[in-house]
Each structure stands twice: as C-alpha cells, then as structure tokens.
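Okay, structure first, notes after.
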Amino acid sequence: MARDTYAYRQVAVESVEWNGRVEIHPVSGQAYATELNVQCSRRMSDTSIYPLGTIFLVSAKLTDRLGGPQYLYVWHGDEIKVMAEQDAEVFLGAYRRVRL
Numbered sequence: 480m481a482r483d484t485y486a487y488r489q490v491a492v493e494s495v496e497w498n499g500r501v502e503i504h505p506v507s508g509q510a511y512a513t514e515l516n517v518q519c520s521r522r523m524s525d526t527s528i529y530p531l532g533t534i535f536l537v538s539a540k541l542t543d544r545l546g547g548p549q550y551l552y553v554w555h556g557d558e559i560k561v562m563a564e565q566d567a568e569v570f571l572g573a574y575r576r577v578r579l
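Okay, so the sequence shown: first residue is 480 according to the working numbering, each after it adds one.
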C-alpha cells in the first residue's frame, strides 16, 4: 500500500529524557501534547549522534494501533532534519494562536 502523504503534517519534535530513557516527543506550542509518544527512527534518540534536547523537523501522522493509545508515526526512511534554535522559533511562531 502506498504512503498517504496527505495524512502527514510537519511537526517539530525533540529528544528528551523520559522515565530514565531518551525518547522523542513533540515540542510545546503545537497542536500535539508534549507527552504524546513519537514512533520514529532510533537514530534520533541516539545521544552519541544527537545530544539531548535536539529539535527535529519531521513529517508525522497521528495514528493508533488497533484502538490503542494515539501516537505520532514518522516513517523510518525519512531524512532526519535537525532544526537550529532560531529555525524552531520561526516554525513554532507560525502555529501560535493570537488571542483577541
């Protein structure tokens, strides 16, 4: 089955220490909770390659497995894009809601 590219959205995620492990979670300020799990390439959580707190720009879709808890899925074959701090601020700024 072909990958449905319309189901995927650009999401900023970061490596964090979670329950004694390095995991990938969405960055605060987006439509997704920061506690939401992200299933992606294990290389992104390898601290010998990317230090803790590295922010990545990924193409992800919200899914669940047979009615289980929801998570963000990133295809393991996608290119790993590291975002600089300034780039992340610009990206997240586009998603902040303006209060009237």
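The beta carbon of each residue, even a glycine, is placed where N, CA and C say it ideally should be.
Model, not experiment: these values are computed from the prediction.
- Query: Residue range of the beta strand (DSSP E) that LEU536 falls in?
  - Reply: Per DSSP, LEU536 belongs to the beta strand (DSSP E) from 534–542.
- For GLU493 and THR533, believed in contact at Cβ under 8 Å, the rounded distance: Right, their Cβ atoms sit about 6 Å apart.
- Query: Can you tell me whether ALA539 is buried or exposed, with buried defined as 16 or more other CB within 10 angstroms of its CB?
  - Reply: Its Cβ being crowded by 16 or more others within 10 Å, ALA539 is buried.
- Nearest CA to the CA of THR526: which residue from ILE503, ALA486, TYR550, ARG488? If we check each option's Cα against that of THR526, ILE503 comes out closest.
- CYS519 versus LEU571, TYR552, GLU496, residue with shortest Cα-Cα distance: Closest by C-alpha distance to CYS519, out of LEU571, TYR552, GLU496, is TYR552.
- Task: Classify TYR485 as buried or exposed, calling it buried when 16 or more other Cβ atoms lie within 10 Å of its own Cβ.
- Result: Label assigned to TYR485: exposed.
- Task: Measure the C-alpha to C-alpha separation of GLU558 and GLU514 and round it to an integer number of angstroms.
- Result: So the alpha carbons of these two residues sit roughly 24 Å apart.
- Query: Cβ of THR542 within 8 Å of Cβ of TYR550?
  - Reply: Their beta carbons are under 8 Å apart, which means THR542 touches TYR550 by this criterion.
- Helix, strand or coil for GLN489 per DSSP? Three-state result, GLN489: strand.
- Residue closest to ASN498, alpha-carbon to alpha-carbon, out of GLN489, ARG544, ASN516, PHE535: Taking only the C-alpha atoms, the option nearest ASN498 is ASN516.
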